[in-house]
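Have a look at the structure below, then the notes.
This is the structure we're talking about:
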């Protein structure tokens with residue numbers, strides 16, 4: 003395969019789903035030796051296009067040519083046979099198997115019915131040397147870092163003869179350092195003649211760093227084709243969203259009040275019984291956002307859950323407004339003034355089979371004005387006043403621009419952005435003193451993201467103490483007053499946002515501790 | 003005012019009737035294979051179930067325990083607590099009813115019958131709470147617990163009627179209850195007793211519980227998403243225990259109705275699996291009180307009409323159990339087919 007030769011040509015690819023035109027006459031050429039990023043928001047038709055390219059979906063109209071020959075793939079296997087491989091966002095590896103075992107999984111061995119591990123190992127070492135994909139074939143996958151696992155996935159595809167690599171959100175789980183490494187590897191692979199197609203949602207700096215060319219999708223259509231060298235982040239964002247995008251929301255000066263949330267020496271275990279938090283301490287004042295940066299799985303979820311009373315603290319204290327709420331039932335903590343936007347919107351934040359109105363009262367259903375006593379001589383409120391609930395739900399629908407047929411629409415039928423608006427509406431309308439927001443904008447489109455960030459800043463200005471946990475480093479950097487970096491359950495350091503730079507935070511995310519913390523004693 | 007949760011798409015309300023029709027069609031083939039005219043057999047079934055005042059009241063006599071146990075299953079299932087121990091809870095309700103009817107002979111009916119209602123509810127509730135508490139506190143699987151507790155209750159009754167409560171005449175029944183413990187009949191000359199009215203009242207209460215109350219909201223929230231309920235501060239363990247109290251209590255009332263309303267004495271095997279049939283009734287009624295009322299009358303009719311079908315048409319009565327099972331199986335089958343339709 004010569005560099006510059008067209009490997010894949012997609013012509014007029016169209017795919018319809020009930021009520022949606024997911025891909026509308028998409029034309030894309032992929033050349034050998036290039037890194038060709040496909041950029042688009044959620045709902046732009048990226049996933050559909052990727053699935054068509056990978057053989058999981060068949061287009062309603064249009065043609066795909068591989069090396070000039072028309073193909074009609076019926077399954078991913080057809081595409082693998084044509085030399086098109088896929089690296090998934092969530093790695094498909096078996097943690098207790100070694101690297102080799104994972105790579106040869108499902109392939110025929112030369113010594114059936116026995117495995118030929120030695121031959122495979124030799125081949126893997128060859129591949130890894132050729133492309134600079136450092137990995138120890140004998141290591142068990144659970145021992146590897148995220149970056150290494152991704153390299154295993156890449157080798158897995160190459161091992162199956164891939165000349166074209168589709169990569170789904172390749173940078174979403176990596177630290178800045180790992181992104182740099184990946185970028186080097188991809189460039190080397192491209193130089194060797196491979197074609198690489200990363201699908202990216204919103205990490206524009208990474209698109210700029212990695213790719214040679216960019217195709218931008220919006221509402222199922224190609225709206226722009228760029229040479230990366232000849233463009234910049236701002237114009238890519240404008241094409242992607244269809245309007246000017248504010249990268250930094252204006253942040254007003256707010257007088258910080260007293261400490262509202264205090265966490266002291268907190269220890270907790272993960273679901274697997276290992277320590278996920280190892281002595282975490284910080285405090286947040288009124289009108290302050292403390293951003294927690296870190297790669298997924300370093301204790302973020304556990305931190306949010308312990309504060310909300312959903313996970314036991316093994317040691318340490320959580321204080322809200324000076325009151326010890328450690329290990330209290332969630333209801334008590336909510337009453338103390340905690341609002342919580344959980345990481346798992348659909349699993350924890352909402353009841354999908356309940357209507358919008360029913361979801362709005364998830365925490366307040368037994369409080370006035372939603373619950374009433376009727377004529378029963380008990381102190382407890384037994385009955386739900388549906389009229390009050392409906393009135394309140396309708397008010398919040400307007401206030402938070404939730405797009406739905408009405409308050410009786412099931413949450414299940416809302417889009418991701420609207421689900422998050424619904425959670426936000428519920429949590430903020432209770433006027434919390436402390437707000438824990440875990441990945442509040444993950445997976446949302448630019449419009450919803452901007453709305454949610456504005457609302458969070460509004461709360462900050464109101465004097466709420468906000469713990470913003472996010473894997474999106476840009477979000478943490480632009481929203482926070484102070485930044486804490488979480489690594490393997492420990493805080494590597496807390497720095498004021500104006501003194502934090504990307505590079506230093508990136509190093510801390512990879513586990514290097516700050517010599518001295520800049521945090522002023524509370 | 004609308005109630006919360008369990009919004010069924012309108013067309014799925016057609017599924018239960020469709021399941022019933024197809025089950026009857028399959029049953030017809032079976033009857034045909036026996037060399038009997040299925041129209042004739044079904045006519046006998048219908049006549050036997052609904053054709054006369056006597057058969058109609060008998061249908062309601064059978065519907066009454068099914069309505070109680072159906073509601074018992076629905077309350078638990080809406081909370082995703084799998085109480086399949088209604089049979090045992092029903093037996094425990096029967097035990098305390100018998101005890102009261104044998105010992106409190108001095109108490110007038112006006113006092114004794116309300117007392118029977120309270121006692122049998124409490125006994126069923128207690129039997130269910132054993133499983134509920136273990137589930138809530140230690141996450142023990144309630145399916146196994148409630149299932150096993152059935153056998154304990156059933157054999158406890160066998161022990162009672164063969165041992166301490168054996169009738170002096172020597173048969174393995176208890177002596178008859180004092181007549182003040184007999185539920186009054188609603189239509190003279192028939193066996194239709196107060197229990198069916200009580201069951202209807204319970205259906206109304208459960209319907210209100212689901213649609214209007216804070217507790218009903220919590221039950222359905224936990225059933226729909228326990229994780230989100232915990233997040234929102236709902237006391238999941240406490241609610242599960244309350245659900246078991248209500249569910250077990252309703253099943254206990256079924257036992258009371260059978261002993262105080264129909265048998266008037268305790269015996270082994272007085273329930274033709276009313277506790278388990280209640281699960282089918284609840285599913286056919288889509289876990290909704292009104293649906294369960296209809297389903298319980300239908301299943302009661304099948305039980306009564308089955309005897310007539312055997313007597314008049316020569317079709318073995320157990321065929322009705324096959325029909326009952328088929329109806330629910332087909333209903334579940336349809337739901338999956340429709341779900342797939344809706345997706346594609």
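Residue numbers (this note's numbering), protein chains in the order written: chain A, 3 to 524; chain B, 3 to 346.
We put the beta carbon where it would ideally sit given N, CA and C, even for glycine.
Nothing here was measured: the structure is a model prediction, and the numbers come from that model.
Give the range of the beta strand (DSSP E) segment to which residue i is assigned.
i                      : result
residue 129 of chain B : Not the beta strand (DSSP E): residue 129 of chain B falls in the alpha helix (DSSP H), residues 111-140.
residue 169 of chain A : 166-170
residue 313 of chain A : It is not in any beta strand (DSSP E) - residue 313 of chain A carries neither H nor E in the DSSP assignment.
residue 224 of chain A : 223-229
residue 2 of chain A   : Missing from the structure shown is residue 2 of chain A; chain A here goes from 3 to 524 and no further.
residue 182 of chain A : Unbroken run through residue 182 of chain A is the alpha helix (DSSP H), 178-193; no beta strand (DSSP E).
residue 489 of chain A : 484-489
residue 468 of chain A : 467-471
residue 79 of chain B  : Segment 55-80 is the alpha helix (DSSP H) holding residue 79 of chain B; no beta strand (DSSP E) there.
Between the alpha carbons of residue i and residue j, how many angstroms are there, rounded?
i                      : j                      : result
residue 270 of chain B : residue 148 of chain B : 19 Å
residue 120 of chain A : residue 156 of chain A : 20 Å
residue 482 of chain A : residue 295 of chain A : 10 Å
residue 87 of chain B  : residue 246 of chain B : 10 Å
residue 79 of chain A  : residue 88 of chain A  : 11 Å
residue 293 of chain A : residue 404 of chain A : 26 Å
residue 193 of chain A : residue 37 of chain A  : 10 Å
residue 42 of chain B  : residue 296 of chain B : 25 Å
residue 108 of chain B : residue 116 of chain B : 15 Å
residue 339 of chain B : residue 15 of chain B  : 14 Å
residue 163 of chain B : residue 326 of chain B : 31 Å
residue 415 of chain A : residue 423 of chain A : 14 Å
Could you check if residue i belongs to the surroundings of the ligand MG, using beta carbon to heavy atom distance under 7 Å?
i                      : result
residue 201 of chain B : In the structure shown, the ligand MG is absent, as is every other ligand, since no ligand is present at all.
List the endpoints of the continuous alpha helix (DSSP H) containing residue i.
i                      : result
residue 153 of chain A : 148-161
residue 250 of chain B : 238-258
residue 101 of chain B : 88-105
residue 157 of chain B : 144-164
residue 236 of chain A : 235-243
residue 53 of chain A  : 48-55
With a CB to CB cut of under 7 Å and the five nearest residues on each side skipped, what residues in its chain are close to residue i?
i                      : result
residue 183 of chain A : 149
residue 372 of chain A : 363, 366, 386, 387, 390 and 391
residue 85 of chain A  : 163, 164, 165 and 166
residue 310 of chain A : 332, 335, 340, 342 and 438
residue 336 of chain B : 17, 20 and 21
Could you confirm whether any beta carbon from chain B is found closer than 8 Å to the beta carbon of residue i?
i                      : result
residue 431 of chain A : no
residue 455 of chain A : no
residue 351 of chain A : yes
residue 365 of chain A : yes
residue 312 of chain A : yes
residue 355 of chain A : yes
residue 384 of chain A : yes
residue 423 of chain A : no
Among the residues of its own chain, which have a CB less than 6 Å from the CB of residue i, if the five just before and after it don't count?
i                      : result
residue 50 of chain A  : 17, 24 and 25
residue 177 of chain B : 169
residue 211 of chain A : 185
residue 55 of chain B  : none
residue 81 of chain A  : 56, 57 and 75
Could you pull out every residue in the same chain whose Cβ sits closer than 8 Å to the Cβ of residue i, ignoring the five residues on either side in sequence?
i                      : result
residue 90 of chain A  : 155 and 170
residue 330 of chain B : 21, 282, 285 and 286
residue 102 of chain A : 119, 122, 123, 126, 139 and 140
residue 291 of chain B : 73, 76, 205, 206, 208, 209 and 212
Would a check of beta-carbon distances place residue i closer than 8 Å to chain A?
i                      : result
residue 219 of chain B : yes
residue 288 of chain B : no
residue 349 of chain B : In the structure as shown, chain B starts at 3 and stops at 346, and residue 349 of chain B therefore has no counterpart that could be examined.
residue 80 of chain B  : no
residue 215 of chain B : yes
residue 127 of chain B : no
residue 235 of chain B : yes
residue 205 of chain B : no
Legend entry - Runs of alpha helix (DSSP H) wholly within the region 375-454 of chain A (minimum 4 residues, chain order): 388-401 and 418-431
Inset, instruction - Run through the region 69-117 of chain A for me and flag every whole alpha helix (DSSP H) of 4 or more residues, listed as ranges in chain order. - result: 78-83 and 101-106
Legend entry - Length-filtered (4 minimum) alpha helix (DSSP H) runs lying within the region 305-365 of chain A: 332-337 and 358-362
Inset, instruction - May I have a chain-ordered list of the alpha helix (DSSP H) segments no shorter than 4 residues that lie completely inside the region 194-220 of chain A? - result: 206-212
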